[in-house]
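Numbering (this note's numbering), first residue to last: -1 to 958.
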C-alpha cells in the first residue's frame, strides 16, 4: 500500500507538471480567439498573457520543488519499507497468539482472528500492501513495547476498535509470536529502531497536537535489503481457503479494520496535499468469517504462529541486522559516475574514514621490456646501428634492441604514437616524429632535417638540427606522401614521393622550387612506395605495380618546348621486380640493391646494373616485407607487415627476433607460478610469452578472436573466452583444446577460476555469469549454475578467498555479490559483504579501489591488485598506467603515472611474484613489461588500520 501510494503521488505530480507546462499554449489560443473582433485591446491582451505566463512559471517552480520533495520522500520510503514488512509480520504473530489464547479461555471465536494471511495482502511485486486487521478486546493502555496503545475509556467511540500504534514506539519484541511453552531462542528477537535525527520533529508535532487523538508517524530504517518473498504467506492463504475458514471473494459484514500506518518520514509540510500528516485511511476487510470449532481454530492459529516464528528464526537475526543498519549510518561512501550514485560500505576495521591518509605507493615502475614492432602501417622504420643495436618504434617508445645481447634501451620522451624514424649520416643520431595533430616523416642530411607533416597540404619543412629552428617551409601536395629525403650528393635537392607522384625539390636561400617527374610512355602507377639514390646519382623508385623505375635528368627539349625550356626528370629504365608492390629498397655497399615485395613476400638482391642475383621468401605467417636493414652485407634485418622483425641471411633463412600482435588486444592473464603470461586479441592470435627471456614461447591462431583469458590455479591449462560466446581450454604444453563450451551468443569478457580451482566463472555480455564445476586438473567441466541479476554486460568479477562468493561489476556500474555455494544466489544486502576478503581484485568499482574516481566509468578499462595486497595498477583510456597504494578508498588518491602506450590501455596484470607488471595497449598492439622497484613488507591491512587511526592530512599527489 505504501509503495503504491507514493507511486500514485509521484505520477500525479508529473501529470500536474505536464498540464501546467502545456497550458500556456491553450491560453494563448483562447486570447487570440477573443481578440479577433478588435485590435485595440492588443496591449491589454499581451500584458494579460504575460501575467498568466509569469503565474504559470511560478506554479511550475512550485511543482518542481514539490516533485523534488516527493522524490526525497520516496527514497526514504524505499529505505523504510522492508523493516515495516518485518513489523507487520511480527505484529500479526503477536495478535494471533493473544487472540488464540483468549479464544481458548472463553470458547468464543473472534471474527478478527480467522487467519494471519487474511490481513496481509501482497501486490504483484511481492510487497506487503496492508497491515493486519484485527479487533482487539478493549483494554487499558499498555507499556509493552510491542503492543503500545492509547487508553480506551468506557463509552468512548472507538470506531472500528483500531489498534493505535504510538509514535514513540522504540522496538518490537517477537517473544509473543512464539507458541505457548516454546522458549525464546537466541537470535530470534527483532527490534524496530527509530531513525536518529527525527525525534526532534516528533516532539514538535506532539506539542502542536497535544490532546488530539490521532495516529503518529513511525520512522523506521530498514536493515534488510532483500524483499520479503510472498510465497510463504500465499501458502498460508491457500491452506486456509482449502480449509473453508474464509473466502477471498465474500466481504464480511462488520469486519473490523485497522488504521493504516502513516509512513511519512518527515513532519515537514510542503505543497503536497495528497498525503497529510496523521491522515487515517481504514482498510475494508474482504474475507468473510465462518464460525467453527473453537478448539480447531485455536490449533490452527497456534500452528500459524509457530510457522511465522520459525520463518523469522531461520532468517538472520532481525535485531543484529537492525543494529548493523544503524551502525552503517555514516559507514558508507558514494561515488557518482555519469550522475549515477554508487554506494560502497566501509569495512569494520576502518574507524575514521575521513582521517584516512592516502599516499602514493612506495613502489615504482621502470620500463623493462617492450614487446612488438609497428610494421603494419609504417615504412622505413628499422635501422641497424654501429653499436649492434636495431632501432625501431612501437606506440610512444623508440626501442634500441641489441640483437646479440638481447637487451633493450628506450627513448620515452614522445607523448603520442611515433610514426616515422630516420638515421643521421653519422650513424649516431636518430630523428623520430610522432602524431601530434600532424604526422611527420623526415630525413636528415646532416645539418638539416626535412619533414613532411600529415596535414591536408602535407607541408614540407626544413629544420636546422643544431638550432632546432625552422629554415624553410612550403606546401607540397594534397595527395598522400610516403617518403622524403635529401640527395646525399647535393644537400639542396630533396625528393618526395607518394600517391601518383614523384617531386624533385630545390632549396635556395630559403625558397623551394618544384619539378614533377614525368612518366612519359610508361604506365603511371597508383603509388610510388619508396626510393633510394644510386652511386651514379640516379633515383630508383619502387611502385605499386611491382616495378623499379630509374629516374635521371634529361636535357631541355628546346625543339618541343621552345626557348627557355628547363631540364626535366624522366624515367630512364623500368625493371620488373615483384608481384604486387615494392615496399622497400635498401642500398648496399658496392652499388648492390635489396628490394622487398609485398604480395610475393620476396627479398631480392640486385647488382649495380639491376640484374637479379639472389632471392628468398619469408614465411607467410610473418606477412609481407615492409622494410630491410643491412647488418654486415650478408645478414639482414627485415620488418614485416605483421609486426615482426626477422634476422637472417639468404642462405640460412630468417627467424623472428621481435614479434607482436597485429590488431587490438584485450585478453591478458599471468601464470600462477611461472614467469609467463598469455595474451589474445582481435587478430585471432593466442600468444604465450616468457617474461624472463623476453620472447614468444608459442602462438596459435583461432577461428574467432579472443577477448579474455584465465589460468587454472594448477597452471596446466588456460581458458580463453571468444567473441561469439564460445570458450575453450588449452593445454599449455601440447597447445591442444581439451574442453570447449558455448554460453549464449554474446562476447565473453571475464574468465576467472576460484582460488582452489574447483569453479570457473565466465562473465558474458548477455548479462549472465556462468559457473562451472572443474575437475580432473582443469580438464573436465560441468555447468553448476548461472548468476542472473545484472542489468548490463559483465565487465569484471573476482572470487572470495574461501571460493564461495563472487563480486562482479557491469557496464551500467553495478556492484553485485553472489553466494555461489548456495546456488548462485544474489546477495541483496551488500552491507554484509563489506568485510569479505577477495582472492583477487580486478573489479574497478569497490570501496578499496574507489580512489581513482574518474568522471566517466568507461575511462578505466582494467584494474589489478598485487598479490602482496600493497598496490593497485589501473589502466585508463588516456594511454596511462597508474600505480596506487592498496587500499585507496579516498577520492583523488595520489598515484604514480607512467607513459608509453599510444592508445587506450586495455588491461594490466601483475606476475605471480609481483616482480613485474604487464600492461597492454589497444590499437597500438604494444605490451609493456614494467619492473616493480622498491617497497617494503608491511601488510595492506596493517597500513589501513594505522592510517585510519591517525588524523594527519593527506599529502599532495605525486606523479612521475
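By construction, the Cβ of each residue, glycine as well, lies at the ideal position given by its N, Cα and C atoms.
Rounded straight-line distance, which links the Cα of residue j to that of residue i
i: residue 491; j: residue 610; result: 30 Å
i: residue 900; j: residue 879; result: 12 Å
i: residue 498; j: residue 526; result: 6 Å
i: residue 678; j: residue 770; result: 22 Å
i: residue 458; j: residue 391; result: 23 Å
i: residue 784; j: residue 759; result: 9 Å
i: residue 701; j: residue 629; result: 38 Å
i: residue 411; j: residue 493; result: 29 Å
i: residue 237; j: residue 773; result: Confidence at residue 237 is low in this model, with a pLDDT of 41, below 50, so its placement is unreliable and the value that follows should be read with caution. If you take the alpha carbons of residue 237 and residue 773, they lie about 45 Å apart.
i: residue 797; j: residue 766; result: 16 Å
i: residue 743; j: residue 384; result: 54 Å
i: residue 422; j: residue 428; result: 6 Å
i: residue 619; j: residue 698; result: 11 Å
i: residue 642; j: residue 464; result: 34 Å
i: residue 531; j: residue 606; result: 12 Å
i: residue 692; j: residue 367; result: 7 Å
i: residue 323; j: residue 333; result: Low confidence applies here, because residue 323 scores a pLDDT of 38, under 50, leaving its location unreliable and the question unanswered by this model.
i: residue 483; j: residue 448; result: 7 Å
i: residue 596; j: residue 745; result: 34 Å
i: residue 372; j: residue 358; result: 34 Å
i: residue 615; j: residue 387; result: 25 Å
i: residue 55; j: residue 43; result: 18 Å
i: residue 694; j: residue 402; result: 17 Å
i: residue 847; j: residue 861; result: 9 Å
Among the options, nearest to residue i - alpha-carbon criterion
i: residue 534; options: 541, 694, 522, 550; result: 550
i: residue 747; options: 53, 757, 644, 761; result: 761
i: residue 604; options: 808, 575, 82, 756; result: 575
i: residue 598; options: 805, 566, 544, 607; result: 544
i: residue 376; options: 625, 538, 594, 496; result: 625
i: residue 915; options: 580, 669, 825; result: 669
i: residue 657; options: 374, 592, 716, 578; result: 374
i: residue 336; options: 809, 845, 904; result: 809
i: residue 342; options: 567, 673, 844, 389; result: 844
i: residue 704; options: 715, 714, 749; result: 749
i: residue 474; options: 485, 652, 455, 660; result: 455
Residues near residue i by beta carbon distance below 6 Å, same chain, minus five either side
i: residue 896; result: 363, 879
i: residue 819; result: 802
i: residue 710; result: 751, 755, 776
i: residue 536; result: 548, 550
i: residue 512; result: 501, 503
i: residue 967; result: Limits of the chain in this structure are -1 at one end and 958 at the other, which puts residue 967 out of reach.
i: residue 593; result: 575, 580, 583, 602
i: residue 460; result: 446, 448, 469, 470
i: residue 768; result: 741, 760, 784
i: residue 863; result: 839, 870, 884
Close-in-space but distant-in-sequence residues of the same chain around residue i (CB under 7 Å, 5 per side omitted)
i: residue 662; result: 679, 680, 920, 921
i: residue 696; result: 686, 733
i: residue 898; result: 365, 393, 394, 395, 410, 926
i: residue 69; result: none
i: residue 715; result: 727, 728, 729, 730, 736, 776, 777
i: residue 712; result: 755, 775, 776
CB-CB length for residue i against residue j, believed under 8 Å
i: residue 927; j: residue 689; result: 6 Å
i: residue 639; j: residue 622; result: 5 Å
i: residue 382; j: residue 627; result: 5 Å
i: residue 837; j: residue 890; result: Residue 837 to residue 890, Cβ: 28 Å. No contact.
i: residue 841; j: residue 794; result: 4 Å
i: residue 815; j: residue 831; result: 5 Å
i: residue 566; j: residue 552; result: 5 Å
Chain-order list of residues whose beta-carbon lies under 8 Å from that of residue i (same chain, five-residue window excluded)
i: residue 569; result: 515, 516, 517, 518, 520, 547, 548, 549
i: residue 675; result: 666, 667, 668, 669, 686, 687, 689, 907, 909, 916
i: residue 571; result: 547, 548, 608
Quiz item: Hey, is the region 719 to 726 in contact with the region 908 to 927, meaning 3+ C-beta pairs nearer than 8 Å?
Solution: no
Quiz prompt | Touch test, the region 883 to 896 against the region 864 to 871, Cβ-Cβ under 8 Å, three pairs minimum | solution = With contact defined as three or more Cβ pairs closer than 8 Å, the region 883 to 896 and the region 864 to 871 are in contact.
Quiz item: How about the region 730 to 740 and the region 786 to 806: do they share at least three Cβ pairs that are nearer than 8 Å?
Solution: At 8 Å Cβ cutoff, the stretches do not touch.
Quiz item: Would you call the region 514 to 530 and the region 462 to 481 in contact, with 3 or more CB pairs under 8 Å?
Solution: yes
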